[in-house]
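In my numbering, the protein residues as written are 61 to 293. Idealized CB from N, CA, C, for every residue including glycine. For reference, the structure discussed in these notes is given below.
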């Protein structure tokens, strides 16, 4: 495993190219350098015949997949009226677009906090793996912004008014509820992730066939009421 930026690690194991977020003090929140590094490596791997699929993960032994964007930098950029914030969003959104049209499968392992920019990394991937540790949200309205990273495309495509609820309230989905909501394609016990990554390196995406692909809402018992509450009738 080697560094492609100060906060992103890259490694090829078997069939898998792994990109590891490694900014633990900020819960792996994205900055411009990280987005540039991820973009560059993804472009490089398009023509690398060794890589059949790509895995996004956070550094082992650290908390959270990705807590979003670097809010501290964005606030400072706004206060100084400089262009760092604009550059970050340009770089991040271009990365999201690249992920959405990437010619090889991408598997995002959302083991822990997955918010804002972290959702952007995962939701546009081919597969999203939730675990019992996953906490997913688009909390931008809480800081006076709008849900971004393609939310206006993917949230309306969730069942009923679930996307409206997530967008307006910044509500958090946890564990298997992420799968039930349609924000993940698979669920895996976090204790089995190491084995899953080994299986992916050997068997490719076929290794996902053993994972759970459906769930019922557990924490949000009122989920059925959302259609009525947000119908505007």
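Bridge partners - residue 129, DSSP secondary structure assignment:
Beta-bridge pairing links residue 129 to 90.
Within 10 angstroms of its Cβ, does residue 270 collect 16 or more other Cβ (buried), or is it exposed?
In the assembly as shown, residue 270 is an exposed residue. Its beta-carbon has fewer than 16 other beta-carbons within 10 Å.
Residue 69: first and last residue of the uninterrupted beta strand (DSSP E) it sits in
Per DSSP, residue 69 belongs to the beta strand (DSSP E) from 68-73.
Short check: CB of residue 75 to CB of residue 113, under 8 Å?
Yes. Within cutoff.
Below 8 Å on the Cβ atoms is my contact criterion, and I expect residue 97 with residue 68 to pass it. Report the Cβ-Cβ distance as a whole number of Å.
Their Cβ separation, rounded to whole angstroms, is 4 Å, which keeps residue 97 and residue 68 in contact under 8 Å.
Cα separation between residue 152 and residue 130?
Looking at the backbone, the Cα of residue 152 and that of residue 130 are separated by about 11 Å.
Looking at the strands, I want to know which residues DSSP matches up with residue 134.
Answer is none; residue 134 lacks a bridge partner.
Could you tell me the distance, in whole angstroms, from the CA atom of residue 178 to the CA atom of residue 89?
Their Cα atoms are separated by approximately 8 Å.
Work out the CA separation of residue 291 and residue 65 for me, nearest whole Å.
It is roughly 46 Å from the alpha-carbon of residue 65 to the alpha-carbon of residue 291.
Cut-off 8 Å between Cβ atoms - residues of its own chain near residue 221, not counting five sequence neighbours on either side:
Counting only Cβ-Cβ distances below 8 Å, and skipping sequence neighbours, we find 286, 287, 289, 290, 291.
Measure from the C-beta of residue 112 to each C-beta in chain D and report whether the shortest distance is under 8 Å.
Among the chains in the structure shown there is no chain D, since it carries only a single protein chain.
Bridge partner(s) assigned by DSSP for residue 179
Beta-bridge annotation (DSSP): residue 179 is not paired with any residue.
Name the residue from 258, 268, 154 whose alpha carbon lies nearest to the alpha carbon of residue 78.
Among 258, 268, 154, the Cα nearest to that of residue 78 belongs to 258.
Give me the Cβ distance between residue 119 and residue 91, rounded to the nearest whole Å; I'm assuming they're in contact under 8 Å.
With a Cβ gap of about 16 Å, residue 119 and residue 91 do not count as contacting.
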